[in-house]
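Student: The numbers in my numbering rise by one with no breaks, and the one at position 29 of the sequence shown is 29. Provided herewith is a single structure, encoded as structure tokens, for subsequent inquiry.
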Amino acid sequence: MTSETSEIWYAAYGSNLDPRRLACYLQGGTPPGGSRATPGARDPRPPRAARAVSLPGDVYFAWNSSTWGGGVAFLDPVAAGTSPGCAYLLTHEQFSDVVAQEMHRPPGVDLDLGVLGGQRSWAFGDGRYETMHVLDAIDGVPVVTFTAPTTAPLDYLAPSGSYLTVMGVGLMGSHGWDAGEVASYLMGCRGIGGGWTVESISALLAGRR
């Protein structure tokens with residue numbers, strides 16, 4: 001694998017589980033329930049494919065998002081267990097632009113993915129979404145996600161209803177779960193906070209797909 005890697009499976013586990021939210025990083029716009037518009041990628045085409053995946057480790061909620069008004073999801077890939085995700089087949093350029101916009105930077109600079117050939121994890125910076133992990137491969141194409149450095153965990157913070165709704169809709173669409181199954185999963189994530197219950201999350205998702 002070289003820095004000219006043309007395709008990558010981007011494994012989402014948070015708000016990008018909902019393809020409508022990912023579309024804002026590719027085509028530009030404001031996600032449902034969010035408050036920050038993004039410019040979109042240089043290549044606005046939709047992913048070439050998408051599939052449900054299981055990611056190593058667990059998901060927790062932390063930081064304080066200006067887009068969602070509460071905690072957002074991070075993956076701890078060295079924790080026990082697995083977490084549901086959705087993998088999207090993107091170009092190298094598209095993936096680079098998604099990462100840039102997650103960090104509130106303008107798109108336009110390709111990440112050096114030459115390290116894909118020899119490392120399972122590496123950091124492009126010390127930001128909350130600048131540590132990359134190669135999780136697997138699908139048909140020879142690497143499955144990669146990004147998260148916070150595990151050496152400097154963020155403070156837990158409960159997510160907002162709008163954030164949980166976007167995550168929940170994404171899980172229902174990618175994994176075929178119903179609202180109760182999604183709520184049970186989310187209530188098991190670290191940082192969810194005492195203000196949420198299975199019943200209140202299920203109510204958020206009632207009738208949504």
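Don't be surprised by glycine CBs; every beta carbon is placed ideally from N, CA and C. Since we're looking at a predicted model, the values are computed, not measured.
(1) Fully enclosed by the segment 54 to 132, which alpha helix (DSSP H) runs are 4 residues long or longer?
(2) CB-CB under 6 angstroms to R190, same chain, minus the five flanking residues each way: which ones, in chain order?
(3) Do you know how far the Cα of L89 is from the Cα of R21?
(4) May I have the straight-line CA-CA distance separating V99 from G125, to the nearest angstrom?
(5) Who are the Cβ neighbours of A79 in its own chain at under 7 angstroms, not counting the five residues just before and after it?
(6) To the nearest whole angstrom, what separates the beta carbons of D43 and Q94, a pair I think is in contact under 8 angstroms?
(7) Less than 7 angstroms between the beta carbons of L55 and L164, yes or no?
(8) Answer with buried or exposed for A123, where buried requires no fewer than 16 other C-beta atoms within 10 angstroms of its C-beta.
(9) Would a C-beta distance cut-off of 7 angstroms place L26 and G14 closer than the cut-off?
(10) Which of the three DSSP states is assigned to L135 in this structure?
(11) Helix, strand or coil for A50 per DSSP?
(12) Specify the secondary structure class of Y10 as computed by DSSP and reduced to three states.
(13) From S6 to V109, what does the alpha carbon distance come to, in whole angstroms?
(14) Could you check which residue in A49, N64, D97 and V53 has the C-alpha nearest to that of T38?
(15) In terms of residue numbering, what span does the alpha helix (DSSP H) encompassing T165 cover?
(16) Tell me the DSSP secondary structure of E4 in three-state form.
(17) For the candidate residues H133, I138 and T150, whose alpha-carbon lies nearest to that of I144?
(18) Within a Cβ cutoff of 8 angstroms, which residues of the same chain sit near G29, ignoring the five residues on either side of it in sequence?
(19) G194: buried (16+ other C-beta within 10 angstroms of its C-beta) or exposed?
(20) Under the assumption that D18 contacts V169 (Cβ atoms under 8 angstroms), give the Cβ distance between them as a whole number of angstroms.
Tutor: Here's the rundown:
(1) 92 to 102
(2) Y60
(3) 15 angstroms
(4) 12 angstroms
(5) G57 and D58
(6) 5 angstroms
(7) no
(8) exposed
(9) no
(10) strand
(11) strand
(12) strand
(13) 15 angstroms
(14) D97
(15) G161 to H175
(16) Legend: pLDDT at E4 = 45, less than 50; position of this residue unreliable, value from coordinates given subsequently. In the structure shown, E4 sits in coil (DSSP, three-state: anything other than H, G, I, E or B).
(17) The sequence shown places Val at residue 144, rather than the Ile named in the question. Nearest of H133, I138 and T150 to V144, Cα basis: H133.
(18) A23, A37, T38 and G40
(19) exposed
(20) 5 angstroms
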